[in-house]
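Structure, as structure tokens:
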Amino acid sequence: MSRYIVIAGIHGRYDEFEHLLDKCADYLRAGYKLVLLGDYLGYGKQSKEVAKKILELADMERVIVLKGHWEDILYRAYRPESIHESEKYKKIIINKRSYLSLFELVDDKKLLEEYLDLIEQMKLYHIDDKYLFAHSGVDFRMWRNCSSFNMFLLNHTESHFLWNNSFYDDYLREYFTDKDFIRKSFPYTVVAGHVPTYKINPAIRNFYEYAPFVWENVIGVDFGASSKHGRLGAVIIRDALSYISVKVGFNEKKWD
Numbered sequence: 000m001s002r003y004i005v006i007a008g009i010h011g012r013y014d015e016f017e018h019l020l021d022k023c024a025d026y027l028r029a030g031y032k033l034v035l036l037g038d039y040l041g042y043g044k045q046s047k048e049v050a051k052k053i054l055e056l057a058d059m060e061r062v063i064v065l066k067g068h069w070e071d072i073l074y075r076a077y078r079p080e081s082i083h084e085s086e087k088y089k090k091i092i093i094n095k096r097s098y099l100s101l102f103e104l105v106d107d108k109k110l111l112e113e114y115l116d117l118i119e120q121m122k123l124y125h126i127d128d129k130y131l132f133a134h135s136g137v138d139f140r141m142w143r144n145c146s147s148f149n150m151f152l153l154n155h156t157e158s159h160f161l162w163n164n165s166f167y168d169d170y171l172r173e174y175f176t177d178k179d180f181i182r183k184s185f186p187y188t189v190v191a192g193h194v195p196t197y198k199i200n201p202a203i204r205n206f207y208e209y210a211p212f213v214w215e216n217v218i219g220v221d222f223g224a225s226s227k228h229g230r231l232g233a234v235i236i237r238d239a240l241s242y243i244s245v246k247v248g249f250n251e252k253k254w255d
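Just so you know, we're using numbering that gives the first Met the number 0 here: the sequence shown kicks off at 0 and counts up by one.
Spelled out as structure tokens, the structure:
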């Protein structure tokens with residue numbers, strides 16, 4: 000069985016990312032696969048440095064770099080199909096208060112083009128052993144009406160893997176409607192980010208605020224690094240689950 004280090008939602012937190020990788024060094028040396036679930040840029044003040052690091056990691060063995068919705072935003076803003084699309088997604092960047100975060104990257108035209116080329120190559124999901132990794136999960140509501148897992152995947156669009164804000168809620172609704180059906184028939188455990196774990200259904204949450212969300216077929220691994228009060232976390236998947244996290248802003252540079 001493969002072993003994994005899973006990180007989601009780096010969001011321009013380069014110092015935190017490097018510190019987290021240092022904390023995971025023993026696992027990496029032991030041959031664990033590093034799975035990155037997208038949303039590498041935005042919010043934090045070191046998106047350019049993170050982009051360089053992701054380009055470096057993407058060439059390494061045992062590293063899986065998946066696409067997140069922030070990669071979709073950046074790509075559509077700077078390699079659009081139309082002027083309207085470019086304007087729409089640049090407005091999204093501004094509305095998310097991330098223009099300054101991305102300015103240094105966008106200003107470096109060579110690096111930006113290299114990173115956009117990498118985004119073109121990023122997969123939407125990765126399946127390995129008994130796990131399916133995807134930025135915003137899958138649409139469990141489709142499973143009941145699909146005759147095979149291949150059909151289930153074919154019914155998904157890019158949006159399901161990148162922009163599915165209701166993934167955790169939909170899963171829990173399906174689970175509590177017929178838990179045996181979901182638990183026994185779905186062939187993989189889905190590992191996702193996108194929504195910080197502290198925002199996932201607080202009515203049933205019984206864990207520390209900055210920790211993985213674990214519920215039968217689902218593991219949520221985003222610890223909320225998009226917020227200056229959040230953390231960047233790595234979830235270690237092996238026989239037992241563990242995690243490591245770094246507080247956002249512990250060593251972050253200031254704007255000039």
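For glycine and all other residues, C-beta sits at the position ideal for the given N, C-alpha and C.
Could you tell me the alpha carbon to alpha carbon distance between residue i and residue j, rounded to whole angstroms?
| i | j | result |
| --- | --- | --- |
| G37 | A50 | 11 Å |
| K95 | I72 | 11 Å |
| P79 | K108 | 16 Å |
| F175 | S184 | 15 Å |
| S226 | F180 | 36 Å |
| R2 | S81 | 42 Å |
| I243 | D128 | 23 Å |
| L240 | T188 | 13 Å |
| L27 | E60 | 11 Å |
| C256 | S158 | This structure cannot speak to residue 256, because the chain is shown only from 0 to 255. |
| D21 | L99 | 27 Å |
| I91 | C23 | 33 Å |
| V62 | E86 | 33 Å |
| D58 | I93 | 31 Å |
| D25 | L56 | 17 Å |
| I199 | K178 | 18 Å |
| A224 | Y130 | 24 Å |
| G43 | L101 | 9 Å |
What residues in its chain sit with their C-beta under 6 Å from that of residue i, if we drop five residues either side in the sequence?
| i | result |
| --- | --- |
| F132 | V34, H125 and V190 |
| I118 | E70 and Y74 |
| I6 | L35 and A233 |
Suppose the cutoff is 8 Å on Cβ atoms and the five residues either side in sequence are ignored; what does the same chain contact list for residue i look like?
| i | result |
| --- | --- |
| L104 | L40, S46, K47, A50, L110, L111 and Y114 |
| W69 | H10, G37, D38, Y39, L40 and G41 |
| G192 | A7, G8, L36, G37, D38, G67, H134, S135, G219, V220 and D221 |
| K32 | S1, R2, Y3, I4, R61, V62, I63 and D127 |
Are the beta-carbon atoms of residue i and residue j separated by less than 7 Å?
| i | j | result |
| --- | --- | --- |
| I4 | I235 | yes |
| S167 | V194 | The displayed chain sequence assigns Tyr, not Ser, to residue 167. Contact: yes. |
| E215 | R237 | no |
| D163 | S135 | Asp is not the amino acid found at residue 163; the sequence shown has Asn there. Taking 7 Å as the Cβ cut-off, N163 and S135 qualify as a contacting pair. |
| V247 | L19 | no |
Please report the Cβ distance between residue i and residue j, rounded to the nearest whole angstrom; I am assuming they are in contact, meaning their Cβ atoms lie under 8 Å.
| i | j | result |
| --- | --- | --- |
| F16 | L231 | 6 Å |
| T196 | F222 | 6 Å |
| P186 | F148 | 6 Å |
| K52 | Y88 | At roughly 23 Å, the Cβ-Cβ gap does not stay under 8 Å, so K52 and Y88 are not in contact. |
Looking only at its chain, what residues have a beta carbon closer than 7 Å to the beta carbon of residue i, apart from the 5 residues adjacent to it on each side?
| i | result |
| --- | --- |
| E84 | R75 |
| A210 | T196 and Y242 |
| M121 | V64, L65, K66 and E70 |
| F306 | Nothing about residue 306 can be reported from this structure: the residues present for the chain run from 0 to 255 only. |
| L54 | E113, Y114 and L117 |
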